[in-house]
Amino acid sequence: MSAAPSVAEFSREAALRVGLAARALPETTPARLMYVLVQALGMPLSEDKLNRLTVKNLKLAAEGEFSEIEPVYLKQAIRYLKGDYDTDLADDAVVPQPYQEGDIPGSIRVAFASNIGARLDGHFGSCTRFLIYQVSATESRLIAVRPIEEPLEVSRDDRQVYRVSLIKDCQILYVASIGGPPAGRVINAGVYPLKHPQEVEIEALLTRLQTMLAGKPPPWLAKILGATPEQRVRFDRGDEE
């Protein structure tokens, strides 16, 4: 793969689009995406060219560099490349609220891999931050925003260890995607990973989780809540008390 032009060579808007789109694609750096974009659109790149890009163009460019990436991630990247985001709303949506241990009785701590706003739109290995919520059957509260500040030169293993350290006090992790080895690290840290490939507002996932907490939780959630094996079987079968 030959060198691609630096993102810094383009307008601030185009650079922002490329940076966000790279975050939306698994195991993809801005440099890798730039190489594919140049192959797909030619030089010089411009916002007008990005606006005309299609999923098919992106998937087939550079001899199919992204051919193995699932369409849902390519579609999300295309949205960002076309400028479909709102940074003002994104900033307003992620203001953490004060929290002290015990403020929300019967609650669990949940992490969401996120890039923009209060949305689940991040992959474990490339998201820009984790949004941390304290969640009970009756209340949910954003209590922390944990940005990713890993050095670029560290190894993949070190990056995984660092990212796990940011969520090790949580019981559940929602991600758009996560590979096998990092998923193993997350599980070994006592955190249950849940994949949700479609980009979605975190509020929708919180509502779904709260419904499970208020009713008969599935066995994996019952285990997190401390239910005995016998109780987890009853939850799974839907048995009455």
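Residue numbers for the sequence shown follow this note's numbering, beginning at 1 and rising by one.
Positions of the beta carbon are idealized from the N, C-alpha and C atoms, including for glycine.
Sequence-distant residues of its chain with Cβ nearer than 7 Å to residue i (five each side left out)
i    : result
I167 : A111, F130, L173, V191
T29  : A22
W220 : Y192
V72  : P197, Q198
R141 : Q97, Y99, I104, Y133, Q134
A183 : P193
R146 : R129, F130, I132, L166
D157 : none
I69  : L25, P26
Check whether residue i and residue j have beta carbons under 8 Å apart
i    : j    : result
V95  : G117 : no
D121 : A204 : no
N57  : A40  : yes
Q119 : V55  : Looking at the sequence itself, residue 119 is Arg, so the reference to Gln does not match. For R119 and V55, no; Cβs fall outside 8 Å.
Q171 : I108 : yes
L45  : A14  : yes
G179 : G125 : yes
V186 : V164 : yes
C127 : I143 : no
E63  : S11  : no
L37  : Y80  : no
Residue i - DSSP class collapsed to helix/strand/coil
i    : result
V94  : coil
K56  : helix
L25  : coil
V36  : helix
Y133 : strand
A14  : helix
V161 : helix
P182 : helix
I147 : Sequence inspection shows Pro at residue 147; the Ile mentioned does not correspond to that position. Note: P147 maps to strand in three-state DSSP.
V110 : strand
V191 : coil
V154 : coil
L142 : strand
L41  : helix
Y174 : strand
L89  : Reliability fails at L89, whose pLDDT of 43 lies under 50, so the model's placement of it is uncertain and the value that follows must be treated cautiously. In this structure, L89 counts as helix in the three-state DSSP scheme.
L20  : helix
Nonlocal neighbours in the same chain, by C-beta distance under 8 Å from residue i, ignoring five residues either side
i    : result
K82  : R17, L50, N51, L53
S67  : K59, L60
N115 : L20, R23, A24, D121, G122, C127, T128, R129
Contact set for residue i: own chain, Cβ-Cβ below 6 Å, skip 5 residues either direction
i    : result
E150 : R159, Y162
P26  : H123, S177
Query raised in the report: Is there contact between the stretch 99-114 and the stretch 136-144, where contact requires at least three CB pairs shorter than 8 Å?
Result: yes
Report task. Can you check the stretch 193-227 for any alpha helix (DSSP H) of at least 4 residues that lies completely inside it and give the ranges in chain order? Result -> 202-214, 219-224
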